[in-house]
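In what follows, a structure is listed as structure tokens, so that the remarks can point back to it.
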Amino acid sequence: MSSKVPPIILNNGVEMPQLGFGVWQVPDDEAETAVATALQAGYRSIDTAAVYGNEEGTGRAIAACGLPREELFVTTKLWNSDQGYDSTLRAFDASMEKLGLDYLDLYLIHWPRPAEGQYVDTYKAFEKLHADGRIRAIGVSNFLPEHLRRLMDETSVIPAVNQIELHPHLQQHASREFHAAQGIATEAWSPLGQGKGLLEVPAIVAIAQKHGRTPAQIVLRWHVQLGNIVIPKSVTPSRIKENIEVFDFELDTEDLAAISALNEDRRLGPDPAVFS
Ligand SMILES: NC(=O)c1ccc[n+]([C@@H]2O[C@H](COP(=O)([O-])OP(=O)(O)OC[C@H]3O[C@@H](n4cnc5c(N)ncnc54)[C@H](OP(=O)(O)O)[C@@H]3O)[C@@H](O)[C@H]2O)c1
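Just so you know, our numbering puts 146 at position 117 of the sequence shown, and the rest follows in order with no gaps.
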């Protein structure tokens, strides 16, 4: 099946599908089946990371899928312990070996770790890999505006993407505004709030009933209408299919306002200012 997901044009002209498939917490031996199911359902963008331990399973699904490489968009992330210029170059090679790819679409610094002070050197290695044609776009994850400011002051390639925790309980207004002003795409991790309480919130359930959709589809559609890139994760085939069916209906201003009212500035994950 061909993809129904529209692209977001990144700041260097590269096209990235607005909705992709996340594989955090999918064991390596289950990643191949999950990614294959997603590709079959029409996903073309896959989000993994060195620390997820499933780059090999992800790579096996990519190798077996029969789709032309240029139709796929693969993201992986450099783990914290590999930050630093030389260690980044080595970690990139190790990830590529596991994924079985000869170029990568998007490479992200997983966390800024500001106390360690290595993200600028790390990013300079990203710039080299980008200049060498081994990565189509480079970016970061979990960077606060202050980290992005420093990075942009001390390096030359503006990050294409900042992947941050973002869902209706943590709407990230300051970061989203900063990204928009700088031409950085906002990518939402845990877009479904990890699938727990958020999908039972009465306001979301009511909007789902109104549109004849599921709560997950309502939350994903909210992200899409905000302009976020989203990467929902599921190992359940029916949910994998359901989560990509969000491009044939629209939330109205009342729905959007009701979801905006759910913001609690509440993180599920660590605080990027201190996490290391
Ligand atoms: N950069 C970072 O630091 C960072 C951090 C966290 C995550 N991420 C990325 O973001 C991706 C997504 O985030 P996430 O995995 O934390 O959480 P998520 O996508 O918000 O939620 C995933 C959870 O929701 C459930 N779910 C999925 N679709 C559903 C549906 N239609 N109805 C009901 N439940 C549903 C899944 O269950 P089943 O799988 O059992 O179906 C799973 O437990 C990750 O996989 C990873 O690629 C990045």
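We treat Cβ as the ideally placed atom computed from N, Cα and C, and that holds for glycine.
Quiz item: Is the beta carbon of Glu216 less than 7 Å from the beta carbon of Ile258?
Solution: Within the sequence shown, residue 216 is the residue found at index 187, counting from 1. Within the sequence shown, residue 258 is the residue found at index 229, counting from 1. Cβ atoms of Glu216 and Ile258: closer than 7 Å.
Quiz item: Under 7 Å, do Val169 and Pro188 count as touching if we go by C-beta distance?
Solution: The residue labelled residue 169 in the question sits at position 140 within the sequence shown. The residue labelled residue 188 in the question sits at position 159 within the sequence shown. The answer is yes: Cβ separation under 7 Å.
Quiz prompt | Inter-residue spacing [alpha-carbon to alpha-carbon] between Ser31 and Glu145 | solution = Translated into positions along the sequence shown, residue 31 becomes position 2. Translated into positions along the sequence shown, residue 145 becomes position 116. Note on Ser31: pLDDT 47, under 50, position unreliable in the model; the coordinate value appears next. Cα-Cα distance, rounded: 44 Å.
Self-check item: Phe50 versus Leu101, Val80, Gly82, Glu44, residue with shortest Cα-Cα distance
Solution: In the sequence shown, residue 50 corresponds to position 21, counting from 1. Scanning Leu101, Val80, Gly82, Glu44 for the CA closest to the CA of Phe50 turns up Leu101.
Quiz item: Looking at the unbroken alpha helix (DSSP H) that takes in Asn191, where does it start and where does it end?
Solution: Translated into the one-based positions of the sequence shown, residue 191 becomes position 162. Asn191 -> not in any alpha helix (DSSP H); beta strand (DSSP E) instead, spanning 190-194.
Exercise. Determine the extent of the beta strand (DSSP E) in which Ser74 is found, giving its start and end residues.
Key: Numbered from its first residue, the sequence shown carries residue 74 at position 45. Element bounds for Ser74: 74-76.
Self-check item: Neighbourhood of Gly212 by C-beta, 7 Å cutoff - its chain only, sequence neighbours within 5 removed
Solution: Start at 1 with the first residue of the sequence shown, and residue 212 comes out as number 183. Around Gly212: Asn40, Ile187.
Quiz item: Which residues in the same chain have their Cβ closer than 6 Å to the Cβ of Gly86, if we skip the five residues on either side of it in sequence?
Solution: Within the sequence shown, residue 86 is the residue found at index 57, counting from 1. So the qualifying residues of the chain are Asp57, Ala60, Glu61.
Practice problem: Please state whether DSSP places Ser110 in a helix, a strand or coil. | Solution: Mapped onto the sequence shown, residue 110 falls at position 81. In the three-state DSSP reduction, Ser110 falls in the helix class (H, G or I).
Quiz item: Is Val103 helix, strand or coil when you go by DSSP?
Solution: Translated into positions along the sequence shown, residue 103 becomes position 74. It is a strand residue.
Exercise. Return yes when the C-beta of Leu221 is under 6 Å from any heavy atom of ligand 1, and no when it is not.
Key: The residue you call residue 221 lines up with position 192 of the sequence shown. Within the cutoff, so yes.
Exercise. Return the Cβ separation of Thr151 and Leu107 in integer angstroms, given the expectation that the two are a contact with Cβ distance under 8 Å.
Key: Numbered from 1 along the sequence shown, position 122 holds the residue referred to as residue 151. Numbered from 1 along the sequence shown, position 78 holds the residue referred to as residue 107. Between Leu107 and Thr151 the Cβ distance is about 7 Å, and since that is below 8 Å, they are a contact.
Quiz item: Could you give the distance in angstroms between the alpha-carbon of Val64 and the alpha-carbon of Glu99?
Solution: Here the question's residue 64 lines up with position 35 in the sequence shown. Here the question's residue 99 lines up with position 70 in the sequence shown. Spanning the two alpha carbons is a distance of roughly 17 Å.
Practice problem: Would you mind reading off the limits of the alpha helix (DSSP H) that contains Asp57? | Solution: Here residue 57 corresponds to residue number 28 of the sequence shown, with the count starting at 1. Here the alpha helix (DSSP H) through Asp57 covers 57-70.
Self-check item: Beta-carbon contacts of Pro35 that lie in its chain and below 6 Å, excluding the five residues immediately before and after
Solution: Along the sequence shown, one-based indexing puts residue 35 at 6. Excluding sequence neighbours, Pro35 sits near Gln47.
Quiz prompt | Per-residue DSSP class, three states only, for Thr265 | solution = Sequence index remark: in the sequence shown, residue 265 carries index 236 (1-based). Correct three-state label for Thr265: coil.
Quiz item: Candidates Ile193, Ala166, Ile164: which alpha carbon is nearest His176's?
Solution: If you number the sequence shown from 1, residue 176 lands on position 147. Among Ile193, Ala166, Ile164, the Cα nearest to that of His176 belongs to Ile193.
Quiz item: Where do the N-terminal and C-terminal ends of the beta strand (DSSP E) with Gly168 fall, by residue?
Solution: As a working note, residue 168 is residue 139 in the sequence shown. From DSSP, the beta strand (DSSP E) with Gly168 extends over 164-170.
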